[in-house]
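Here's the structure we're looking at; comments come further down.
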Amino acid sequence: MDFYDNMPGLDSYVAKYMDENGCSFEDACKELGINYPDAFIKKDTEIYD
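Spelled out as structure tokens, the structure:
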């Protein structure tokens with residue numbers, strides 16, 4: 001099994017940033033330049049397709 005191709009998930013990256021900087025989820029996304037509704041909230045069609 002190759003571990004060098006594994007990248008951390010976006011949610012883990014944001015959680016680590018929040019922990020290290022003591023900020024909220026929304027603040028972390030804003031500081032990292034992530035549009036959190038698009039990145040984290042899946043539409044119903046994406047979930048059930």
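Its first residue numbered 1, the sequence shown is counted upward by one per residue in full-length UniProt numbering.
Cβ coordinates follow ideal geometry from the N, Cα and C atoms, glycine included.
As the structure is a prediction and not an experimental result, all values here were calculated from the model.
Check: is_contact[L32, chain B] using C-beta, thresh 7 Å; Outcome: Given the protein chain composition of this structure (a single chain), no chain B is represented.
Check: Terminal residues of the alpha helix (DSSP H) in which residue 50 lies; Outcome: What is shown of the chain runs 1 to 49, which leaves residue 50 out entirely.
Check: Own chain residues within Cβ distance below 6 Å of M18, not counting five before or after; Outcome: A28
Check: Distance between beta carbons of Y36 and residue 50, contact taken as under 8 Å; Outcome: The shown model of the chain, from 1 to 49, leaves out residue 50, and the question about it has no answer.
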